[in-house]
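Numbering (my numbering), first residue to last: 5 to 216.
Don't be surprised by glycine CBs; every beta carbon is placed ideally from N, CA and C.
Since the structure comes first, as structure tokens, the remarks are kept for the end.
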């Protein structure tokens, strides 16, 4: 059996980005390394550096590619409604790729293509009467709520896909009605109740509390 010699096959940046997305979708952002990526494209880690500087640049390319394909909805003019609608649009966009939450929540990386969402939220908050500093705070609070909601739902979905009773189900099945009178009345329905989509309700409450 002959051993392959010579230069590794020529690769392109789109091929590298596509391979990186496969790795992230299969095993998460933590599994993405230049060495793993080189194996995916049948090349060497050194060859990858001719196309991307490092993992951070690669993640930004992924975010920009994703953001470029998301349509931007028309938003209402009234500031309070505009903030809610922009937050809902941001939630819908990021829900389509939960891996983006892992990248964005650290605040180290920011996709220029995704800045439309904070721009709309901050602008609406200023027009509603907040200072620019308060508007940025409002956006950060909304974003953290959004990222936490998406991340929590993704984790719960993965746990359900594993099958079998969850630890939560076992705990609620054994609740003492005297110690937890309210929770015990909904113990059997707890999983269904907590699986409901309450994002819109929550973000409306946040916006109402943040604005004057």
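Measuring alpha carbon to alpha carbon, tell me which residue in 182, 143, 26, 179 is nearest residue 207. For the purposes of this step, residue 207 is taken as residue 203 along the chain shown, with counting starting at 1. Answer by Cα proximity: 143.
Taking C-alpha atoms, which residue in 105, 82, 86, 75 lies nearest to residue 66? Along the chain shown, one-based indexing puts residue 66 at 62. Ranking 105, 82, 86, 75 by Cα distance to residue 66 puts 105 first.
Based on Cα-Cα distance, which residue from 95, 85, 138, 187 lies nearest to residue 121? Start at 1 with the first residue of the chain shown, and residue 121 comes out as number 117. Closest by alpha carbon: 95.
Residue interval of the alpha helix (DSSP H) (run including residue 200): Here residue 200 refers to the residue found at position 196 when the chain shown is read from its first residue. Looking at the DSSP string, residue 200 is not in any alpha helix (DSSP H), and its letter there is neither H nor E.
Quick check on DSSP: helix, strand or coil for residue 128? Here residue 128 refers to the residue found at position 124 when the chain shown is read from its first residue. Helix at residue 128.
Return helix, strand or coil for residue 18, following the three-state DSSP convention. Taking the chain shown and counting its residues from 1, the one referred to as residue 18 is at position 14. Here residue 18 sits in helix by DSSP.
Mapping DSSP to helix, strand and coil, what is residue 149? Within the chain shown, the letter at position 145 stands for residue 149. For residue 149, the three-state secondary structure derived from DSSP is helix.
Going by CA-CA distance only, name the one from 15, 64, 194 that's closest to residue 46. Here residue 46 refers to the residue found at position 42 when the chain shown is read from its first residue. Of the listed residues, the one whose Cα sits closest to residue 46 is 15.
Contact belief for residue 62 with residue 24 at Cβ below 8 Å, rounded distance in angstroms: Walking along the chain shown from the start, residue 62 turns up at place 58. Walking along the chain shown from the start, residue 24 turns up at place 20. Residue 62 to residue 24, Cβ: 5 Å. Contact.
Rounding to the nearest angstrom, what Cα-Cα distance links residue 157 and residue 82 in this structure? The count along the chain shown starts at 1 and reaches residue 157 at position 153. The count along the chain shown starts at 1 and reaches residue 82 at position 78. The alpha-carbon atoms of residue 157 and residue 82 are separated by roughly 30 Å.
Exposed or buried, what is residue 153 when buried is set at 16 or more other beta-carbons lying within 10 Å of its beta-carbon? The count along the chain shown starts at 1 and reaches residue 153 at position 149. By the Cβ neighbour-count rule, residue 153 is buried, with 16 or more other Cβ atoms within 10 Å of its own.
The alpha helix (DSSP H) with residue 59 in it runs from where to where? For the purposes of this step, residue 59 is taken as residue 55 along the chain shown, with counting starting at 1. Note, residue 59: alpha helix (DSSP H), 59–72.
Reference residue 34, options 49, 103, 202, 166, closest by Cα: Position 30 of the chain shown, counted from the first residue, corresponds to residue 34. The candidate whose alpha carbon is nearest that of residue 34 is 103.
Among 115, 116, 118, 145, which residue has its Cα nearest to the Cα of residue 129? Taking the first residue of the chain shown as position 1, residue 129 is located at position 125. Nearest option by C-alpha distance: 145.
Where residue 86 falls, given that 16 or more other Cβ within 10 Å makes a residue buried: Here residue 86 refers to the residue found at position 82 of the chain shown. Under this definition residue 86 is a buried residue.
For residue 107, count neighbouring Cβ atoms within 10 angstroms of its own Cβ and tell me buried if that reaches 16, exposed if not. Mapped onto the chain shown, residue 107 falls at position 103. Per the 10 Å Cβ criterion, buried.
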